[in-house]
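Colleague:
There are 2 protein chains.
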Amino acid sequence: MSKIPYRTYLPEDKLPKAWYNVRADMPEQHDPYLNPATLKPVTMDDLLPIFCEELCRQEVNTTDRFIEIPDEVLSFYRVYRPSPLIRAYNLEKELKTPAKIYYKFEGNNTSGSHKLNSAAAQVYYAKKQGVTNLTTETGAGQWGTALAMAASYFKIPLTVYMVKVSAQQKPYRKAIMETYGAKVVPSPSDTTESGRAILAKDPGSTGSLGCAISEAIEVAVNTPNSRYVLGSVLDQVLLHQAIIGSEAKAAMDMLGEYPDIIIGCAGGGSNFGGIMSEYMGDKLKGRGNPYFIAVEPASCPSMTRGKYAYDFCDTGKTTPLAKMYTLGCEFIPSSIHAGGLRYHGMSPTVSKLYHDGFVDEARAVRQSDVFKAAALFSKIETILPAPESAHAICAAIDEAVKCRESGESKTILFNLTGTGYFDMAAYMNYNEGKLEDYIPTDEELQKGFDSLPKID
Amino acid sequence: MSKIPYRTYLPEDKLPKAWYNVRADMPEQHDPYLNPATLKPVTMDDLLPIFCEELCRQEVNTTDRFIEIPDEVLSFYRVYRPSPLIRAYNLEKELKTPAKIYYKFEGNNTSGSHKLNSAAAQVYYAKKQGVTNLTTETGAGQWGTALAMAASYFKIPLTVYMVKVSAQQKPYRKAIMETYGAKVVPSPSDTTESGRAILAKDPGSTGSLGCAISEAIEVAVNTPNSRYVLGSVLDQVLLHQAIIGSEAKAAMDMLGEYPDIIIGCAGGGSNFGGIMSEYMGDKLKGRGNPYFIAVEPASCPSMTRGKYAYDFCDTGKTTPLAKMYTLGCEFIPSSIHAGGLRYHGMSPTVSKLYHDGFVDEARAVRQSDVFKAAALFSKIETILPAPESAHAICAAIDEAVKCRESGESKTILFNLTGTGYFDMAAYMNYNEGKLEDYIPTDEELQKGFDSLPKID
Chain A
1 MSKIPYRTYL PEDKLPKAWY NVRADMPEQH DPYLNPATLK PVTMDDLLPI
51 FCEELCRQEV NTTDRFIEIP DEVLSFYRVY RPSPLIRAYN LEKELKTPAK
101 IYYKFEGNNT SGSHKLNSAA AQVYYAKKQG VTNLTTETGA GQWGTALAMA
151 ASYFKIPLTV YMVKVSAQQK PYRKAIMETY GAKVVPSPSD TTESGRAILA
201 KDPGSTGSLG CAISEAIEVA VNTPNSRYVL GSVLDQVLLH QAIIGSEAKA
251 AMDMLGEYPD IIIGCAGGGS NFGGIMSEYM GDKLKGRGNP YFIAVEPASC
301 PSMTRGKYAY DFCDTGKTTP LAKMYTLGCE FIPSSIHAGG LRYHGMSPTV
351 SKLYHDGFVD EARAVRQSDV FKAAALFSKI ETILPAPESA HAICAAIDEA
401 VKCRESGESK TILFNLTGTG YFDMAAYMNY NEGKLEDYIP TDEELQKGFD
451 SLPKID
Chain B
457 MSKIPYRTYL PEDKLPKAWY NVRADMPEQH DPYLNPATLK PVTMDDLLPI
507 FCEELCRQEV NTTDRFIEIP DEVLSFYRVY RPSPLIRAYN LEKELKTPAK
557 IYYKFEGNNT SGSHKLNSAA AQVYYAKKQG VTNLTTETGA GQWGTALAMA
607 ASYFKIPLTV YMVKVSAQQK PYRKAIMETY GAKVVPSPSD TTESGRAILA
657 KDPGSTGSLG CAISEAIEVA VNTPNSRYVL GSVLDQVLLH QAIIGSEAKA
707 AMDMLGEYPD IIIGCAGGGS NFGGIMSEYM GDKLKGRGNP YFIAVEPASC
757 PSMTRGKYAY DFCDTGKTTP LAKMYTLGCE FIPSSIHAGG LRYHGMSPTV
807 SKLYHDGFVD EARAVRQSDV FKAAALFSKI ETILPAPESA HAICAAIDEA
857 VKCRESGESK TILFNLTGTG YFDMAAYMNY NEGKLEDYIP TDEELQKGFD
907 SLPKID
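Here the protein sequences come in this chain order: A and B. Position 297 of the first sequence, counted from 1, bears residue number 297 in the numbering used here, the numbering being contiguous throughout. In the numbering used here, each residue carries its 1-based index in the second sequence increased by 456.
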């Protein structure tokens with residue numbers, strides 16, 4: 001038995017009491033969001049009807065390095081946090097690698113993913129401001145579930161617009177949100193103008209994330225005392241998710257370990273932004289030099305094959321524009337099963353850090369390799385990972401195998417964002433050899449790029 | 457923030473390295489198992505063709521107080537253990553109770569329940585003995601999943617006979633087992649004589665646990681180097697599950713706490729036997745006097761309304777007979793959703809301790825109250841419990857409310873055995889007000905008692 005335990009949990013008195021705001025240490029900020037009507041930088045007045053006041057302030061805060069976590073949010077965090085930092089001894093043995101592999105496991109809560117970290121914060125600020133109704137959208141359902149949990153805890157009504165095809169294919173996901181008291185509306189619906197417009201054109205529409213976002217925002221803006229909440233991409237989300245990296249760093253410090261390589265999967269950037277946090281701060285301040293790898297699906301390669309440009313955050317073109325790596329908001333990714341990574345863009349902050357060379361590498365991996373890694377990992381480390389999370393596992397295994405070949409004993413840290421209990425249809429396809437890889441052609445990508453707004 | 461943390465994890469060097477064998481401290485043992493053919497006490501020779509040698513020894517060991525956990529099993533445990541001991545501050549606040557509520561949460565592993573604790577041990581001993589094939593049955597699927605995880609880890613082939621209607625209703629449960637490499641055969645099947653016999657009589661049979669057990673045992677006994685494994689009832693299972701109580705006690709000791717009341721749900725007795733373990737040892741030795749409550753469904757009330765008598769452990773009447781609280785092996789419980797508690801009997805050791813007054817109380821609760829407790833708990837403590845586990849929550853809440861009324865600040869400890877992610881159909885019924893209570897009439901119970909074997 002080694003001195004370093006399999007699982008390390010920070011003692012409660014060492015848990016982070018503030019969120020680390022990476023932007024306070026960035027030499028340059030990402031370009032501002034633009035108002036889609038005026039194409040001028042958004043103002044607080046543009047944001048206030050949509051988001052809570054405190055969250056608007058967090059969204060534009062580039063100066064405070066640490067932002068205190070309210071006691072009420074800490075009380076919520078402490079029911080499911082700290083998440084464990086796990087030394088993957090069994091995986092190391094299986095791979096015969098001299099590398100030391102660590103992972104932070106964020107799936108040990110009922111939402112099954114890290115999304116709860118930001119849901120708790122966003123709902124709390126809404127409650128504090130006296131908001132009496134929240135709306136959001138959900139695709140695969142992780143975000144909707146996390147938000148339903150937080151909303152029921154803080155006792156604030158929530159309406160979730162759930163992409164209709166997801167609601168049909170995943171009735172149990174819907175049922176969990178309802179068990180937590182959320183109202184789940186399959187989108188497009190007849191409850192909003194945008195929903196009715198889509199249904200008028202196509203009564204059989206099975207919906208899209210873009211449409212669900214439009215419905216959720218419409219209701220938030222038109223209902224008194226109502227606000228909209230979003231689970232990724234935004235800087236406020238990255239701020240809350242920084243707790244992942246802060247906890248991981250505190251635990252690694254306790255063990256006397258420092259990662260050579262840090263790996264996260266990347267869809268909208270919320271978990272990659274979370275695991276990097278204080279380690280990225282070290283790099284920006286010249287105090288450490290971990291090698292950061294953001295892993296995305298080869299079928300939706302916004303960082304590896306996208307453009308760094310202004311684009312809408314939603315397919316419906318209703319949100320502010322952000323400067324980010326993007327495939328164009330009209331790019332339609334193939335229906336790979338890692339639903340959480342099917343996003344055309346990328347967090348503006350992660351994009352900027354990648355563009356400026358602080359995120360060292362973006363890596364696109366194929367779905368077949370991802371599930372192969374997931375199946376191996378589940379058998380050896382016992383945790384059945386979400387397909388999204390398995391992208392990070394895939395890259396971590398590749399790095400560990402490289403170490404076996406080179407004889408180097410590098411320290412690898414990756415973020416295991418969630419569990420795959422609601423992704424069994426994808427695993428069934430994999431088990432039956434029916435999973436297909438899909439890599440978009442240059443022509444297909446070009447169509448997406450053609451949808452980019454023309455902005456100098 | 458109180459001094460006692462929300463979550464307590466034992467440090468790795470304080471994790472139990474031995475299983476506590478409660479029988480070594482019992483003043484009287486339960487009556488011996490009987491060979492169903494001869495009605496004489498079973499011998500090692502009767503057991504050896506069915507179970508591994510070491511497990512047979514554990515099954516009859518009434519003298520060793522502690523049995524060392526093999527290093528290989530410890531390595532497996534340490535990927536998902538220790539499980540947290542959680543102080544339910546938020547629930548206490550919600551209930552406005554002066555009681556202190558603690559729960560041991562055993563659901564934080566991919567199998568979603570405590571079943572993994574015994575699966576790991578049973579598979580390890582099989583591997584060590586050179587067994588090359590394992591068989592088992594599963595109903596709801598928790599045990600099958602746990603065993604599939606352990607079997608893939610220790611690299612030993614496993615065939616799971618899954619009650620056909622479960623396999624049809626829960627394709628994802630089946631898919632998880634397959635992802636872990638198990639072969640899942642819907643039962644009754646044409647792969648065994650007992651299966652073929654049932655299909656000949658009733659080609660449309662949707663199966664039963666009794667039939668699945670018969671198929672699994674038949675294959676184990678007739679395949680060279682093959683063994684059968686079982687997830688509850690047996691003393692070997694109680695032994696392995698004792699790790700729950702040992703960890704809980706070590707953590708409570710660390711906090712300077714001692715429970716006044718200890719609560720577990722009770723189906724076959726594996727988790728109740730687990731959480732009681734060393735605390736029951738205290739009671740047997742006169743070193744402590746916690747009040748033990750075993751909670752069962754009102755629809756399947758083996759302890760509260762059953763007889764203490766010899767009975768078969770399976771509906772197929774193929775297994776040895778055990779002296780236990782039973783409703784009669786032909787009693788057919790209503791299809792309540794807590795599948796794991798739909799068992800006609802009860803662990804012989806738990807039965808004996810109840811009969812001799814060391815388990816203070818058995819309590820039957822109605823399904824509607826159970827789901828009401830589950831819904832409240834999930835919102836306040838964030839964890840969505842399995843319906844089985846919610847029986848314990850229901851009793852814990854009742855005890856905490858009594859404390860509010862009496863002003864007593866009792867310390868309550870209960871075992872939260874698992875998560876309800878695969879029980880959403882039941883939650884959907886509850887959410888829609890469609891859940892029904894069912895309490896068997898005396899006449900219905902009498903029919904079950906009529907099936908009891910006549911033994912003096």
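Here a beta-carbon is modelled for each residue, glycine too, at the ideal position from N, C-alpha and C.
Which residue marks the beginning of the alpha helix (DSSP H) containing Phe449/A, and which one marks its end?
Modeller: 442 to 450
Colleague: CB-CB under 7 Å to Ser111/A, same chain, minus the five flanking residues each way: which ones, in chain order?
Modeller: Gln142, Thr145, Ala146, Met149
Colleague: Within 8 Å (strictly less), CB to CB, does Ser378/A reach chain B?
Modeller: yes
Colleague: Kindly list, in the order they appear in chain A, the residues whose Cβ is closer than 7 Å to that of Tyr877/B.
Modeller: Tyr421
Colleague: At a CB-CB cut-off below 7 Å, which residues of chain B make contact with Met424/A?
Modeller: Result: Tyr628, Ala631, Ile632.
Colleague: Whose CA, out of Ile557/B, Thr499/B, Ile506/B, lies closest to the CA of Asp716/B?
Modeller: Ile557/B
Colleague: My guess is that Val815/B and His847/B are in contact by the Cβ rule of under 8 Å, so how many angstroms apart are they, rounded?
Modeller: In fact, because the Cβ distance is near 15 Å, the residues do not count as touching under 8 Å.
Colleague: How close, in whole Å, do the beta carbons of Gly468/A and Thr417/A come, if the pair is a contact with beta carbons under 8 Å?
Modeller: Within the shown structure, residues of chain A are numbered from 1 to 456, placing residue 468/A beyond reach of any answer.
Colleague: Expressed to the nearest angstrom, what Euclidean distance is found between the alpha-carbon atoms of Ser158/A and Thr419/A?
Modeller: The sequence shown places Leu at residue 158/A, not Ser. If I take the Cα positions, the gap works out to 24 Å.
Colleague: In whole angstroms, give me the CA-to-CA distance for Leu400/B and Leu74/A.
Modeller: Residue 400/B is absent from the model: chain B starts at 457 and stops at 912.
Colleague: Could you work out which residues of chain B lie near Ala375/A, taking near to mean beta carbons separated by less than 7 Å?
Modeller: Thr635
Colleague: Under 9 Å between beta-carbons, which chain B residues line up against Arg525/A? List them in chain order, please.
Modeller: A query on residue 525/A cannot be resolved here, the shown segment of chain A reaching from 1 to 456 and no further.
Colleague: If we count the other Cβ atoms within 10 Å of its Cβ and call it buried at 16 or more, is Glu649/B buried or exposed?
Modeller: exposed
Colleague: Take Met26/A as the anchor and find which of Ile380/A, Asp356/A, Glu405/A, Arg363/A has the nearest alpha-carbon.
Modeller: Asp356/A
Colleague: Are Leu590/B and Val693/B close, meaning C-beta to C-beta below 8 Å?
Modeller: Their beta carbons are not under 8 Å apart, which means Leu590/B does not touch Val693/B by this criterion.
Colleague: Between Arg57/A and Met44/A, what straight-line distance do the alpha-carbon atoms span, to the nearest angstrom?
Modeller: 8 Å
Colleague: Please check if any C-beta of chain A sits within less than 8 Å of the C-beta of Ile700/B.
Modeller: no
Colleague: Only counting the same chain, and skipping five residues up and downstream in sequence, which positions put a Cβ closer than 8 Å to that of Ile28/A?
Modeller: According to the sequence as given, residue 28/A is Glu; it is not Ile. The residues are Lys352, Asp356.
Colleague: Can you give the beta carbon distance from His240/A to Asn415/A, rounded, assuming they're within the 8 Å contact cut?
Modeller: 15 Å between Cβ atoms; not a contact.
Colleague: Can you pull the chain B neighbours of Ile383/A, defined as C-beta to C-beta under 9 Å?
Modeller: Val535, Tyr536, Asn565, Thr566
Colleague: For a minimum of 3 consecutive residues, which ranges assigned as the beta strand (DSSP E) are wholly contained in the segment 132 to 203 of chain A?
Modeller: With a minimum length of 3 residues, the unbroken runs of beta strand (DSSP E) contained wholly in the segment 132 to 203 of chain A fall at 133 to 138, 158 to 163, 183 to 187.
Colleague: How is Ala831/B classed by DSSP in three states: helix, strand or coil?
Modeller: helix
Colleague: Under the criterion of a Cβ to heavy atom distance below 7 Å, does Ile718/B qualify as lining the ligand MN?
Modeller: This structure does not include the ligand MN; it has no bound ligands of any sort.
Colleague: Using a Cβ cut-off of 7 Å, pull out every chain B residue sitting near Met254/A, in sequence order please.
Modeller: Result: empty, since nearest Cβ-Cβ is about 12 Å, beyond 7 Å.
Colleague: Taking the beta strand (DSSP E) that Gly274/A belongs to, which residues open and close that run?
Modeller: Premise fails: Gly274/A lies in the alpha helix (DSSP H), 270 to 284, not in any beta strand (DSSP E).
Colleague: According to DSSP, simplified to helix, strand and coil, what is Ile439/A?
Modeller: Coil, per DSSP.
Colleague: Taking Cβ positions, are Gly181/A and Ser232/A nearer each other than 8 Å?
Modeller: no
Colleague: Pair every Cβ in the segment 850 to 859 of chain B with every Cβ in the segment 767 to 783 of chain B, then say whether three or more of these pairs are closer than 8 Å.
Modeller: no
Colleague: Is Pro16/A buried or exposed, if buried means 16 or more other CB atoms sit within 10 Å of its CB?
Modeller: buried
Colleague: How would you write the range of the alpha helix (DSSP H) that Phe532/B sits in, first residue to last?
Modeller: Element bounds for Phe532/B: 527 to 536.
Colleague: Over the uninterrupted alpha helix (DSSP H) stretch that includes Glu53/A, give me the two end residues.
Modeller: 53 to 59
Colleague: Kindly indicate if chain B contains any beta-carbon less than 8 Å away from that of Ser205/A.
Modeller: no
Colleague: Check each residue of the segment 81 to 103 of chain A: if its Cβ is closer than 7 Å to any Cβ of chain C, include it; give the result in chain order.
Modeller: Although the question refers to chain C, the structure presented lacks it and instead comprises the protein chains A and B.
Colleague: Measuring only the C-alpha atoms, how far is Pro49/A from Lys155/A?
Modeller: 21 Å
Colleague: Would you say Tyr308/A faces chain B, with C-beta separation under 8 Å as the test?
Modeller: no
Colleague: Excluding the five sequence neighbours on either side, which residues of its own chain have a C-beta within less than 6 Å of the C-beta of Phe331/A, listed in chain order?
Modeller: His344, Gly448
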